[in-house]
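Notes to accompany the following structure.
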Amino acid sequence: MAGLSVKLDVRSYSGFKAVTFLCLIILYAPLLVVTIYSFNASNSIASWDGFSVHWYVDVFTGPESAKFKRAAWNSFAIALIAATVSTMIATLAATGMIRAGKFKLRTLSFGLISLPLMVPEIVTAVATLIFFNAIGFERGFATIIFAHIAFCIPFAYLPIAARMQGIDETVEQAALDLYATRQQVFTRILLPLMTPGIISGFLLAFIVSLDDFIITNFVKGAGVETLPTAIFGAVKQGIKPNIMAISTLLLSVSVVMVTISYFVSKTDKTT
Amino acid sequence: MEQRENAIDIRSAVKRYGSFTALKEISLSIRDNEFFTLLGPSGCGKTTLLRMIAGFEAVSEGSIYLFGEEIENLPPNRRPVNTVFQNYALFPHLNVLDNVAFGLEMKGRSKLEAREKAGLMLELVQLIDFSARRPSQLSGGQQQRVALARALAPQPKVLLLDEPLSALDLKLRKTMQLELKHLQRETGITFIFVTHDQEEALTMSDRIAVMSSGQLQQLGSPRDIYETPCNMFVADFIGDTNLLDVQVDAVKDGQAVCRLAGGHQLNCEQVEGVGPGAKVHVCLRPERTFISEKPTETENLQGRVVENIFIGTDITTLVELVEGPGFTVRTSNSDRGSQGIFEPGSDVFINLEPGAARLLMD
Chain R
220 MAGLSVKLDV
230 RSYSGFKAVT
240 FLCLIILYAP
250 LLVVTIYSFN
260 ASNSIASWDG
270 FSVHWYVDVF
280 TGPESAKFKR
290 AAWNSFAIAL
300 IAATVSTMIA
310 TLAATGMIRA
320 GKFKLRTLSF
330 GLISLPLMVP
340 EIVTAVATLI
350 FFNAIGFERG
360 FATIIFAHIA
370 FCIPFAYLPI
380 AARMQGIDET
390 VEQAALDLYA
400 TRQQVFTRIL
410 LPLMTPGIIS
420 GFLLAFIVSL
430 DDFIITNFVK
440 GAGVETLPTA
450 IFGAVKQGIK
460 PNIMAISTLL
470 LSVSVVMVTI
480 SYFVSKTDKT
490 T
Chain D
31 MEQRENAIDI
41 RSAVKRYGSF
51 TALKEISLSI
61 RDNEFFTLLG
71 PSGCGKTTLL
81 RMIAGFEAVS
91 EGSIYLFGEE
101 IENLPPNRRP
111 VNTVFQNYAL
121 FPHLNVLDNV
131 AFGLEMKGRS
141 KLEAREKAGL
151 MLELVQLIDF
161 SARRPSQLSG
171 GQQQRVALAR
181 ALAPQPKVLL
191 LDEPLSALDL
201 KLRKTMQLEL
211 KHLQRETGIT
221 FIFVTHDQEE
231 ALTMSDRIAV
241 MSSGQLQQLG
251 SPRDIYETPC
261 NMFVADFIGD
271 TNLLDVQVDA
281 VKDGQAVCRL
291 AGGHQLNCEQ
301 VEGVGPGAKV
311 HVCLRPERTF
321 ISEKPTETEN
331 LQGRVVENIF
341 IGTDITTLVE
351 LVEGPGFTVR
361 TSNSDRGSQG
371 IFEPGSDVFI
381 NLEPGAARLL
391 MD
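Printed below as a string of structure tokens:
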């Protein structure tokens, strides 16, 4: 038996190491290059001229700093609002979907919630743009927020629903049996148990909103920029090392979020 | 003397799921301060009935009274009954103490008072040293006791237990059975216990309601139910039983003369509604019969030993009757006396203890 289990181990397949390294390189080499070159002293992105934080200083104080600051604030504000609202909607949706028993059209409802994940983003972008035009909604900051809330819902929904699925229904019955009102069952039992899922959902929605380009670019009004659209605008005039510095900063935000998410799930002792 | 009020009165309770009737007009009363067991095979409706008392299942028809107060329309959180769930259903995010304190807090006690009382409950179930642990850090038996303490802490008028011991191993189950019985005596709270294990029911209960296919079959003390089962189902479900098909030949002086398929006759106490010609059954408990080489003055059956099975305290002997059917005789190893064991193949007589044969209708 022991011999068999060794053979079934994926590590024993020939080429396992090579494929693993190849995948890791493809995934992370570009990020690594961008991070390293963001500390380049040179004005050129091609040649290494020694270590410097010059470009980071440039991001905050340079000629383009005002533009990037405004874009960054927009991005964070939009991501915060969109993630908060979509997480609330997703939490309610997950509660409904998982606690409403086996209702008709349940599979369809689940499909409808998660379908946007499968739809090409450009289709959603065009559709959202046409929708805003059709109802005569002027494009600006608000249109970005509404669009982001909408497409963030499925991202927030998935981790929350997964978590919810793992919560034993009799636990709620036990609380009800012990004199808790329905509201207390939700706030005292369900919500604390769902919290790790809700935090994951929020962080995922936040990241997805923060780095969205296609939909934002379609629905944003003139003069309103988010970080991705501002970066794209800057890159069109040639890639300067300050773009790498901004990208690295964005990357660190993502890393921080993922780390928080990891520790939230790790400190959860309920499972 | 004034009659004590019943803890629970169930009056013509019916439960339907669509076109399926899970409970068919159940009426029964559970006395105050009683260890009451709902016993039956899975799917007999016992858990449904318990959940109707708890408030998790709506009553389709009929009513439920708790100490005279009609409760079937109250939500579970407004019924002063608590449940010990089969899977314990402890709150995974709260520690043991807060789990036990939860009910008291929801009843409006201060956090401090609730925790103090919860501590006393944990002392009662000997888990006070585990107060700060999470349920996931406890063994099955410990979780079971936490669930018990949590349900008892708010001092319910009735405690409902839904097969709480089924997940424990045999030895722990036996210990918990006694512990539960003692706890019931100590607290004086009415316990309603659901189980499919007849031995467990006999061990713990003051009274047992045997249920099958949504109907109440028999209600009585463990002894009543074991010794005088009212029908085939109860006789077969509780304990080991020999059931023989017979026809009543004649009835005289309260005795029915029953004839086995082979023509052999047996005298049994007559049961109301049984007259000559009726096709009925005779129920014989294995421990109320004996084996001997020669017939005795009491009733006898004739057969041949097939096998002896040693089960510790007793020996179970399987005998094939001359009439055909198999028959089980149980002999206690302590009072077998000088009598040896009859080897397989020996022709023997089965002596029936006077009054052991009991007539049953279908």
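As you go down the protein sequences, you meet chains R and D in turn.
The number in my numbering is simply the position in the first sequence, starting from 1, with 219 added.
The number in my numbering is simply the position in the second sequence, starting from 1, with 30 added.
Each residue gets a CB set at the ideal place from its N, CA and C atoms; glycine is no exception.
- Val287/D carries a strand assignment under DSSP once its states are collapsed to helix, strand and coil.
- Beyond the five residues adjoining it in sequence on each side, Gly133/D comes within less than 6 Å, by CB distance, of Ala183, Pro184 in the same chain, given in chain order.
- The beta carbon of Pro378/R does not come within 8 Å of any beta carbon belonging to chain D, so the residue lies off that interface.
- Assignment of alpha helix (DSSP H) within the stretch 271–299 of chain R, counting only whole runs of 4 or more residues, yields 273–280 in chain order.
- Taken through DSSP and simplified to helix, strand or coil, Tyr376/R comes out as helix.
- Listed as beta-bridge partners of Tyr95/D by DSSP are Asp39/D, Glu100/D.
- Residues of chain D with a Cβ closer than 9 Å to the Cβ of Ile317/R do not exist, since the nearest Cβ in that chain sits about 17 Å away.
- Counting of Cβ neighbours within 10 angstroms places Ala386/D among the buried residues, the total reaching 16 or more.
- The stretch 108–124 of chain D makes contact with the stretch 387–405 of chain R; the number of CB pairs closer than 8 Å reaches 3 or more.
- Per the DSSP secondary-structure output, Glu350/D pairs in a beta bridge with Arg334/D, Gly356/D.
- Collapsing the DSSP output to three states places Arg164/D in coil.
- Gln247/D sits close to Val264/D, with the two beta carbons spaced by under 8 Å.
- Along the stretch 91–115 of chain D, the positions whose C-beta sits under 7 Å from a C-beta of chain R are Pro106, Asn107, Asn112, Thr113, Phe115, read in chain order.
- In the DSSP annotation of this structure, the continuous segment of the beta strand (DSSP E) that includes Asp275/D starts and ends at 272–282.
- Spatial neighbours of Gly375/D in its own chain (CB-CB distance under 7 Å, excluding positions within 5 residues in sequence) are listed in chain order as Arg334, Val335.
- Ala84/D reaches chain R at Asp396, counting residues in chain order whose Cβ is nearer than 7 Å.
- DSSP links Gln295/D through a beta bridge to Arg289/D.
- Taking 8 Å as the upper bound on Cβ-Cβ separation, chain R lies near no residue of the stretch 287–314 of chain D.
- The Cβ atoms of Ala375/R and Ala296/R do not sit closer than 8 Å to each other.
- Buried is the label assigned to Phe372/D, since at least 16 other Cβ atoms lie within 10 Å of its Cβ.
- Residues Val253, Tyr256, Ser257 of the same chain have their beta carbon placed closer than 6 Å to that of Met463/R, with the five preceding and five following residues left out of the count.
- Scanning its chain for C-beta atoms nearer than 7 Å, with the 5 sequence neighbours on each side dropped, one finds around Arg382/R the residues Met413, Pro415, Gly416, in chain order.
- Beta-bridge partners assigned by DSSP to Tyr47/D: Phe50/D.
- Judged by DSSP in its simplified three-state form, Met136/D adopts helix.
- The beta carbons of Tyr118/D and Gln167/D sit about 14 Å from each other, so the pair does not count as a contact at 8 Å.
- The alpha helix (DSSP H) runs of length 4 or more contained entirely in the stretch 374–437 of chain R are, from start to end of the chain, 388–396, 410–429.
- Only residues of its own chain outside the window of five on either side were considered, and among them Ala375, Ile417, Gly420, Phe421, Ala424 have a CB closer than 7 Å to the CB of Thr306/R, listed in chain order.
- Identification of residues in the stretch 124–135 of chain D having a C-beta nearer than 8 Å to some C-beta of chain R yields Phe132, Gly133, given in sequence order.
- Excluding residues up to 5 positions away in sequence, Ile238, Val240, Gln248, Val264, Ile268 lie with their Cβ nearer than 7 Å to the Cβ of Ile255/D in the same chain.
- Put simply, the backbone Cα of Ile339/D is about 15 Å away from that of Glu350/D.
- One finds nothing in chain R with a Cβ atom closer than 7 Å to the Cβ of Asn381/D; even the nearest lies about 52 Å away.
- If you draw a straight line from the Cα of Arg145/D to the Cα of Arg139/D, it comes to about 9 Å.
- By DSSP's assignment, Ser322/D forms a beta bridge with Phe379/D.
- Going by C-alpha positions, Phe379/D is about 11 Å away from Phe357/D.
- Leu397/R and Gln403/R have their C-alpha atoms some 11 Å from each other.
- Under DSSP, the beta-bridge partners assigned to His311/D are Asp275/D, Leu390/D.
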